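Reading through the structure tokens given below for one structure.
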Amino acid sequence: MKDLAILTADKDAEQTLKALLSKRQQSLGIRAIEYDIFVHPERDSGVRTRCVDFLRAYANEYRYALVIFDYEGCGATASASQLETQLEHELSAAGWQNRIAVVVIQPELESWIFSPSSHVIQVIADGQWSIYSKYHPMQGKPSRPKETMQQIMREAKVQWSSALFRELAEKVSLQGCTDSAFQKLVSVLRRWFGE
17 MKDLAILTAD KDAEQTLKAL LSKRQQSLGI RAIEYDIFVH PERDSGVRTR CVDFLRAYAN
77 EYRYALVIFD YEGCGATASA SQLETQLEHE LSAAGWQNRI AVVVIQPELE SWIFSPSSHV
137 IQVIADGQWS IYSKYHPMQG KPSRPKETMQ QIMREAKVQW SSALFRELAE KVSLQGCTDS
197 AFQKLVSVLR RWFGE
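In terms of the numbering used here, the sequence shown is residues 17 to 211.
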């Protein structure tokens, strides 16, 4: 039996999670684990609406399951925290009792990227501080993180790629990410797999 099944919405999230779980165990405060990441073909809305049916088949193959998707694009009217509670309840009833966590990122994965790290500037702005600072003041997170990231990358002539998310997850300090969804992810992983 493997440790963890993860259902997420896209390759960017997949690469972020792969980097965190394979390269950043010490920073996360967890042991090495065996996991599989499944990317839902219907993206955020598919993860939200079909995660129960999708993961039901795996309840006896994995110790734990994690569902992670962006609030932006999932099509829900309930709040992110309401979605997490509702889906955790439904997944528990589908065979994952006390072995499930749902993390809804508000508004989207790109909000995890913005931190006061030179690695962020190097990766998404090709080291061009003037471009980075034009679109993102160093205080707080942008309200539209994906669009901000796209603007910076477009002006810096950096090609969007899931590999960028992996590189950022491998290099940027995890201490700088204060996003509540990221903090929930770390807390859940430590509870399940802490050293």
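We put the beta carbon where it would ideally sit given N, CA and C, even for glycine.
Since this is a predicted model, take the numbers as computed values, not measurements.
- The shortest CA-to-CA distance from D69 to any of R79, S108, Q42 and W176 is the one to S108.
- A check of alpha carbon separations from S127 across F85, N114, Q42 and G91 identifies F85 as the nearest.
- Taking the C-beta atoms as reference points, I116 is found nearer than 7 Å to A81.
- Taking C-beta atoms as the reference points, L23 and V83 count as a pair closer than 7 Å.
- In this structure, Q167 sits away from Y148, with a CB-CB distance that is not shorter than 7 Å.
- The closest CA to that of S97, considering only Y87, G91 and E106, is found on Y87.
- Looking only at R64, G111 and G89, the smallest Cα-Cα distance to L99 is reached by R64.
- Between V174 and A141, the beta carbon gap of about 7 Å places them in contact (Cβ cut-off 8 Å).
- If you draw a 10 Å sphere on the C-beta of W176, you find fewer than 16 other C-beta atoms in it, and that means exposed.
- Distance between L37 and E171, taken at the CA atoms: about 32 Å.
- Straight across, the Cα-Cα distance linking P153 with S189 is about 19 Å.
- Residue environment: A185 is assigned as buried (16 or more neighbouring CB atoms within 10 Å of its CB, all protein chains considered).
- Between K187 and H135, the gap from beta carbon to beta carbon is short of 7 Å.
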